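See below for the structure under consideration.
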Amino acid sequence: MALFSTAAGAYPSMIRQGYTQCAACHTDPSGGTLLTKYGRAQSELLLSSRWGSGQEDEPSRAADFLFGLLRTPDFLNLGGWLRYGYLWNTVGGKLVDDRLLQMRADGAAELRVGPLRAEGQLGYASASSAPFTELAWVTRNAGGANLVSREHWVGLAFADDTGLLRGGRIYVPFGLRILEHTSFVRTATRTDIDVDQQDGISVAIAKESWRMEVMAVLGNYSVRPDAFRERGFSGYLEVAPFRTLALGVSALVTRADAALGSSGPTLRQAYGVTARASPWTPLVLLAEVDALITTTLGSGGASAGHADWLQADIEVVRGVHLLTAIEGMKPPGGGPSSVGFWGGAAWFVVPHLDVRADWVRRSTSGSLPTNTFLIQFNGYL
Amino acid sequence: MDALKLLASLLLIPASAPPPAPVERAGEVSILAHGPGGVSIEGKSTEVSIAEEAAVLLFRVPLAPIDTGIGLRNRHLRESLEVEKFPDATLRVQRGDLQFPAEGSPVERQVTGELRLHGQSRTVPVHYRAERASGGAIRIEGSLQLDMRDFDIAPPSYLGLAVSPAVEVAVGLTVDGL
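Top line first, the protein sequences correspond to chains A and B.
Read left to right, the first sequence gives residues 0 to 380 (numbering that gives the first Met the number 0).
Read left to right, the second sequence gives residues 0 to 177 (numbering that gives the first Met the number 0).
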């Protein structure tokens with residue numbers, strides 16, 4: 000529960016607007032990263048409070064990069080994130096931790112020349128966040144400040160921009176690409192959008208009624224030594240039978256020569272089903288159920304578990320969301336089961352700023368319940 | 000003089016009374032356009048009417064009320080279609096080309112119609128299905144595809160997202176009097 004950073008703008012709840020796909024608004028066809036120019040406009044038109052602007056007004060120039068101070072050419076998308084939060088943790092009703100979190104200070108650029116695509120992020124991670132950013136380090140200053148790069152890749156678009164083949168450090172395609180990166184489904188599958196990216200090669204295709212991405216995982220090269228790098232594949236397929244319903248399946252199979260808590264090479268598998276639905280425009284439901292299997296190779300020992308997530312997002316007025324979720328997890332290896340309850344609110348105040356407050360209560364068999372309270376401010380350049 | 004007028008009008012009465020004008024009970028129209036990256040844009044309206052003019056069935060859709068779900072996009076659509084200048088889209092189909100269903104025997108066919116949009120007229124194939132309910136009303140579901148460029152409409156492009164010129168149109172209508 001150490002870090003809650005909503006590291007990027009991933010909003011699978013945009014299905015409420017009929018956007019089952021991500022590629023129009025995000026430079027990553029599976030969503031969650033840098034915004035395209037079209038995505039910036041939608042951010043103001045569909046996400047943020049309107050503050051008296053008419054329904055048919057054009058987005059303001061201030062929604063552009065750096066509040067419109069620097070106009071970027073069509074072939075270049077620029078952006079950045081600045082996120083800070085304050086966290087309180089209690090165990091058994093007693094405050095055990097409270098502190099300011101430097102969550103994110105990253106810049107990003109994407110280049111589009113013909114079918115060529117190239118994107119990179121570079122950011123600063125303070126010394127206090129070192130334990131939580133190590134998986135994305137560019138520099139290796141243990142215990143100190145570091146440069147981080149969560150993604151960097153080059154690719155080729157094909158089939159009228161409905162496909163993208165790319166290689167580099169990429170967000171792992173698996174499950175719901177949700178902001179809540181400390182949720183059980185994201186931590187148990189190691190597929191969050193904070194630091195769980197992997198180096199590899201992927202192919203993504205986004206059609207109107209379906210989308211998919213499959214990735215050959217070649218290892219996270221910020222991790223050392225090599226024995227701890229996981230290699231395998233990961234991918235998802237999501238079908239949208241209606242404009243407000245999308246159903247998906249995901250699979251991840253990776254192998255590493257060594258793993259924490261394992262006596263030898265380890266095969267890690269996760270298989271998930273997901274659903275996104277907006278039965279009523281203000282309401283979006285997101286669900287994911289993952290089966291987890293971990294096998295210690297050579298010994299024949301395999302253990303299974305699961306991670307589950309059900310979230311409701313209600314937009315009470317434009318820009319203001321009430322969020323709640325329940326989650327469960329039984330880790331492979333026979334560890335105790337846990338359940339969690341999330342409640343909170345998010346307000347997209349203006350296109351470049353949102354604020355969010357969360358309360359998360361988790362209970363694990365045999366342990367005292369924990370409560371986490373977090374407020375965070377996210378600026379998007 | 001009045002007697003002469005009365006006689007003339009009696010002589011002009013046809014052997015059988017003309018069929019009643021069709022009256023729409025309910026209708027809906029949807030347009031579906033496509034963009035890159037799997038984007039689809041759907042516009043909907045419930046304003047669609049039918050009239051009969053000299054053996055021609057005339058379907059009329061006012062364009063301004065079409066709602067795409069985003070206010071600014073509605074404005075762009077209206078501007079693209081120049082709805083102040085060309086407020087309606089109409090489809091003219093020869094009544095004689097149509098087959099009307101008997102109760103319990105739906106009809107599904109393709110006919111040719113004249114679509115007028117943005118001040119341009121083009122002949123287009125129209126697929127339709129018609130089914131007569133027990134009360135006599137007919138449920139008509141028709142669809143056609145068009146290319147915006149054939150109607151002198153520039154495919155919209157917005158912040159790098161260009162809409163494909165091919166558009167699918169679907170109309171549903173429940174009609175009395177056919």
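C-beta: ideal position from N, C-alpha, C; glycine also.
These figures come from a predicted structure and were not determined experimentally.
- For R111 of chain A, the secondary structure class from DSSP, reduced to helix, strand or coil, is strand.
- If you ignore the 5 residues before and after R115 of chain B, its C-beta comes within less than 6 Å of the C-beta of T89, all in its own chain and listed in chain order.
- Any Cβ of chain A closer than 9 Å to the Cβ of H117 of chain B would place that residue at the interface, and such an atom is absent.
- Taking S48 of chain B as reference, the option from B:E23, B:D66, B:R72 with the minimal CA-CA separation is B:E23.
- In this structure, the straight-line span from the alpha carbon of P224 of chain A to that of R149 of chain A is close to 19 Å.
- Taking a beta-carbon distance threshold of 9 Å, T273 of chain A does not count as an interface residue toward chain B.
- Across the region 134 to 160 of chain B, CB contacts with chain A closer than 8 Å involve Y157, L158, G159, L160, in sequence order along the chain.
- As summarised for the region 197 to 257 of chain A, the continuous beta strand (DSSP E) elements at least 3 residues long and confined to that stretch are 197 to 205, 209 to 218, 230 to 241, 244 to 255, given in chain order.
- If you ignore the 5 residues before and after G263 of chain A, its C-beta comes within less than 7 Å of the C-beta of T295, L296, G297, S298, all in its own chain and listed in chain order.
- Taking a beta-carbon distance threshold of 9 Å, A22 of chain A counts as an interface residue toward chain B.
- About 18 Å separates the beta carbons of Y10 of chain A and F376 of chain A, which is beyond the 8 Å limit, so they are not a contact pair.
- Within the region 150 to 200 of chain A, the complete alpha helix (DSSP H) runs of at least 4 residues fall at 183 to 188.
- Counting every other CB atom within 10 Å of its CB across the protein chains shown gives R108 of chain B a total below 16, marking it as exposed.
- I177 of chain A sits buried, since 16 or more C-beta atoms from the chains shown fall within 10 Å of its C-beta.
- Straight-line measurement puts the Cα of A255 of chain A at about 34 Å from the Cα of A239 of chain A.
- Spatial neighbours of A258 of chain A in its own chain (CB-CB distance under 6 Å, excluding positions within 5 residues in sequence) are listed in chain order as T265.
- Closer than 8 Å at the C-beta level to chain A, one finds these residues of the region 32 to 46 of chain B: H33, G34, P35, G36, G37, V38, S39, E41.
- Residues of chain A with a Cβ closer than 9 Å to the Cβ of G70 of chain B are, in chain order, L44, G53, Q54, E55, D56.
- The CB of R74 of chain B comes closer than 8 Å to the CB of E55 in chain A, given here in chain order.
- Our two residues, L284 of chain A and L244 of chain A, have alpha carbons roughly 10 Å apart in a direct line.
- Across the set B:D149, B:T67, B:A25, B:Y157, the C-alpha of B:D149 shows the shortest separation from the C-alpha of G118 of chain B.
- In this structure, A:L100 is the residue among A:L100, A:A117, A:E43, A:R267 with its C-alpha nearest to the C-alpha of F372 of chain A.
- In the pairwise beta carbon analysis, the region 32 to 43 of chain B is classified as touching the region 144 to 164 of chain B: at least three pairs are separated by under 8 Å.
- Scanning chain B for C-beta atoms nearer than 9 Å to the C-beta of P28 of chain A yields G36, G37, reported in chain order.
- Secondary structure at G95 of chain B: helix, using DSSP grouped into helix, strand and coil.
- The three-state reading of DSSP puts L134 of chain A in helix, counting H, G and I together.
- Taking the Cβ atoms as the reference, L246 of chain A lies roughly 5 Å from A274 of chain A, within the contact range of under 8 Å.
- By the neighbour-count criterion, in which a residue is buried when 16 or more other Cβ atoms sit within 10 angstroms of its Cβ, T132 of chain A is buried.
- When CB distances to chain B are screened at a threshold of 8 Å, the residues of the region 221 to 247 of chain A falling below it are R242, in chain order.
- Distance from E212 of chain A to G234 of chain A at the Cβ level is roughly 6 Å; contact confirmed, criterion being Cβ atoms closer than 8 Å.
- Contact between V202 of chain A and L236 of chain A does not hold, since their C-beta atoms are separated by about 12 Å, which reaches or exceeds 8 Å.
- Straight across, the Cα-Cα distance linking R228 of chain A with F241 of chain A is about 39 Å.
- Chain B places no beta carbon closer than 9 Å to that of Q268 of chain A, leaving this residue out of the contacts.
- Within its own chain, the residues whose Cβ lies closer than 7 Å to the Cβ of P105 of chain B, once the five positions on either side in sequence are excluded, are R128, A129, E130, listed in chain order.
- Counting the other CB atoms within 10 Å of its CB gives W50 of chain A a total below 16, which places it among the exposed residues.
- With contacts defined by Cβ atoms closer than 9 Å, T188 of chain A and D289 of chain A form a contacting pair.
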